[in-house]
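I have placed the structure first, in the form of structure tokens, so that the comments after it can refer back to it.
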Amino acid sequence: LNNTAKLLAFCALFFQSIDAKPIKMEITLSGPNDDHCGKYTTRGNDFLVITHARIFQSRNPDISSGEMQIHGNIECHGTQTSTTKYNFDCDGIIIKDYEGINLMFSVTTRKQMLSGPIDYRYTESSMQLIKNGYLNPVKINKQTFQHDQHLHIQMVNITGLAQDDPEYVLRIFLINLKHFF
């Protein structure tokens, strides 16, 4: 009976994954020619890159209440396909009764940038960024803040998230300056 239960559970997972549609995420950045944010993003792609994303399916999506319930956690991996586009393949189990989604992006640097706020918390013995050659203190001391090294997410398209409607495309327009990285 134990092996039979395991076989049935395996078959259920197998058939569920066959029926599942792939979840794709396309991220579009505004570029240096953008009327609203161009002066802030002129050199953003030279310094920053989006490496991962997560889609959190939630209940009670009112963040102001401070009690968002995350019921789905979908991880996305991908590549940058042009200076303003990223394509991600996402993996996770979709829950049917979610009320909203929240997105989280992982951003890293392509090359050294001014690291201002971390200076007061940085501990070389644990992080070893200087020892490993990632940070050069002499170079950092010579740098000044550059206002044009930001990324601005203009639009996020997520397909395959709604099980009932294959044409469902979620579009999120982020045009406010507070959405800069």
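Residues -20 to -1, 1 to 161 (mature numbering (1 follows the signal peptide of the UniProt record, and there is no 0)) make up the sequence shown, in order.
A virtual CB, placed ideally from N, CA and C, is assigned to each residue, including glycine.
Quantities reported herein were computed from a predicted structural model and do not represent experimental measurements.
Measure the alpha-carbon distance for residue i versus residue j and round it to whole angstroms.
i, j, result
"E47", "A142", "24 Å"
"D71", "P12", "32 Å"
"H16", "S62", "21 Å"
"K19", "H130", "9 Å"
"P97", "R90", "Summary for P97: the model assigns pLDDT 49, below 50, so the residue's position carries little reliability; its value from the coordinates is reported in the next sentence. Rounded to the nearest angstrom, the two C-alpha atoms are 19 Å apart."
"L28", "N40", "33 Å"
"G113", "E6", "33 Å"
"N(-18)", "T31", "41 Å"
"I73", "K1", "10 Å"
"F68", "E55", "9 Å"
"K111", "I120", "15 Å"
"D128", "T64", "15 Å"
"Q123", "D26", "16 Å"
"I138", "V118", "43 Å"
"T103", "G140", "43 Å"
"E79", "Q49", "10 Å"
"R23", "S106", "31 Å"
Below 8 Å CB to CB, which residues in the same chain sit around residue i once its five sequence neighbours on both sides are set aside?
i, result
"D14", "T21, H132, Q134"
"L83", "A33, R34, I35, F36, V136, I152"
"I3", "I35, I54, C56, D69, C70, D71, G72, I74, I138, T139, G140, L141"
"S45", "none"
With residue i as the anchor, note down where its alpha helix (DSSP H) starts and where it stops.
i, result
"I120", "117 to 122"
"N137", "No alpha helix (DSSP H) holds N137; the beta strand (DSSP E) holding it covers 133 to 139."
"residue 165", "The requested residue 165 does not occur in the structure, where the chain is confined to residues -20 to 161."
"N25", "24 to 27"
"residue 181", "In the structure as shown, the chain begins at -20 and stops at 161. Residue 181 is therefore absent and cannot be evaluated."
"K111", "Per DSSP, K111 belongs to no alpha helix (DSSP H) and is neither H nor E."
"G18", "18 to 21"
Keeping to the same chain, check which residues put their C-beta closer than 6 Å to that of residue i; ignore five residues upstream and five downstream.
i, result
"I75", "Q37, H51, G52"
"Y66", "I7, I30, G58, Q60"
"I81", "I35, Q37"
"Q126", "none"
What residues in its chain sit with their C-beta under 7 Å from that of residue i, if we drop five residues either side in the sequence?
i, result
"S10", "C17, T21, H132, Q134"
"T88", "V29, T31"
"F85", "I30, A33"
Taking the beta strand (DSSP E) that residue i falls in, what are its first and last residues?
i, result
"Y78", "Taken as a continuous stretch (DSSP letters only), Y78 belongs to no beta strand (DSSP E), as it is neither H nor E."
"G11", "No beta strand (DSSP E) holds G11; DSSP gives it neither H nor E."
"residue 190", "Residue 190 cannot be examined here, being either before or after the span of the chain that is shown, -20 to 161."
"K65", "65 to 71"
Based on the DSSP secondary-structure assignment, which residues constitute the bridge partners of residue i?
i, result
"L83", "I35"
"T(-17)", "The partner list for T(-17) (beta bridge, DSSP) is empty, contrary to what the question assumes."
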